[in-house]
Amino acid sequence: PFKVQNEGGKPKIRVEYKGEDKSFSPEEISSMVLIKMKEVAEAYMGRKIKDAVVTVPAYFNDSQRQATKDAGAIAGLNVLRIINEPTAAAIAYGLDKKGGGERNILIFDLGGGTFDVSILTIDDGIFEVKSTAGDTHLGGEDFDNRMVNHF
């Protein structure tokens with residue numbers, strides 16, 4: 005339902021959108037998702053949302069992270085921070101943990117098409133990411149395919 009083409013050395017996705025043939029950058033498409041999420045958050049909170057922290061897969065490089073920030077700006081958001089998804093999981097885990105001294109945490113993020121692992125240290129409310137790695141060719145879909153082939 006779409007074509008990818010080169011426009012001035014940059015990828016553009018060509019689709020039929022609202023009855024017209026249009027071309028969008030990856031940032032514009034990502035911004036559409038962020039706009040929808042912003043609307044959902046505003047409806048839930050009952051107020052305007054202007055600031056956001058956005059999570060990205062651990063394997064995203066600097067240019068992909070910047071493109072995500074740009075998508076946030078297109079969506080009308082002030083992106084305060086871009087953080088890895090496994091790091092976000094560790095933060096969610098550690099928010100209610102009190103005391104106990106320094107702890108090492110291993111986070112497995114098995115997504116539909118990727119697998120990421122992060123090792124963090126939590127000590128007195130401070131999170132330090134020690135290492136992050138991922139495989140863009142291993143995820144839940146791969147396990148599903150293997151099971152289908154096996155059976």
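Number 155 marks the last residue of the sequence shown (the numbering used here); no jumps. Don't be surprised by glycine CBs; every beta carbon is placed ideally from N, CA and C.
Inset, instruction - Mind checking who THR59 pairs with in its DSSP beta bridge? - result: Locating residue 59 in the sequence shown gives position 55, where the first residue counts as 1. Bridge partners of THR59: ILE87.
Inset, instruction - Classify ARG51 as helix, strand or coil using the three-state DSSP reduction. - result: For the purposes of this step, residue 51 is identified with residue 47 of the sequence shown, where counting begins at 1. Residue state, collapsed to three classes: coil.
Legend entry - Beta-carbon proximity list for LYS16, same chain, < 7 Å, skipping 5 on both sides: Taking the sequence shown and counting its residues from 1, one reaches residue 16 at position 12. Same-chain partners within the cutoff: GLN9, SER27, PHE28, SER29.
Legend entry - Buried/exposed call for VAL152, threshold 16 Cβ in 10 Å: Numbered from 1 along the sequence shown, position 148 holds the residue referred to as residue 152. Exposed: under 16 other Cβ atoms inside 10 Å.
Inset, instruction - Apply the 10 Å Cβ neighbour rule to THR140 and answer buried if 16 or more other Cβ atoms are within range, or exposed otherwise. - result: On the sequence shown, residue 140 is found 136 positions in, with the first residue counted as 1. The residue is exposed, with fewer than 16 neighbouring Cβ atoms inside 10 Å.
Inset, instruction - Report yes if the C-beta distance between ILE111 and VAL121 is below 9 Å; otherwise report no. - result: Position 107 of the sequence shown, counted from the start, is the residue given in the question as residue 111. Position 117 of the sequence shown, counted from the start, is the residue given in the question as residue 121. Going by C-beta atoms, ILE111 is nearer than 9 Å to VAL121.
Inset, instruction - Mark GLY12 as exposed unless 16 or more other C-beta atoms lie within 10 angstroms of its C-beta, in which case mark it buried. - result: Walking along the sequence shown from the start, residue 12 turns up at place 8. Under this definition GLY12 is an exposed residue.
Inset, instruction - Output the distance between the C-alpha atoms of GLY50 and ILE39, rounded to the nearest integer angstrom. - result: The residue labelled residue 50 in the question sits at position 46 within the sequence shown. The residue labelled residue 39 in the question sits at position 35 within the sequence shown. Straight-line Cα distance between these residues: approximately 16 Å.
Inset, instruction - In the DSSP assignment, find the alpha helix (DSSP H) that holds SER4 and state where it starts and stops. - result: Any property of residue 4 remains undetermined from this structure, which presents the chain solely from 5 to 155.
Inset, instruction - Excluding the 5 residues preceding and the 5 following GLU132 in the sequence, name in chain order all residues of the same chain whose CB lies nearer than 7 Å to its CB. - result: Walking along the sequence shown from the start, residue 132 turns up at place 128. Same-chain partners within the cutoff: LEU124, THR125.
Legend entry - C-beta atoms of ILE53 and ALA45 nearer than 9 Å: Looking up residue 53 in the sequence shown gives position 49. Looking up residue 45 in the sequence shown gives position 41. Yes, they are a contact pair.
Inset, instruction - Could you spell out where the alpha helix (DSSP H) holding GLU145 opens and where it closes? - result: As a position in the sequence shown, residue 145 is number 141, starting the count at 1. First-last of the alpha helix (DSSP H) with GLU145: 144–154.
Inset, instruction - State buried or exposed for GLY23, treating a residue as buried only when at least 16 other CB atoms are found within 10 Å of its CB. - result: In the sequence shown, the residue the question calls residue 23 occupies position 19. With fewer than 16 other Cβ atoms within 10 Å, it is exposed.
Inset, instruction - Using DSSP bridges, identify the partner residues of PRO5. - result: Here residue 5 refers to the residue found at position 1 of the sequence shown. Partner(s): none; PRO5 has no beta bridge.
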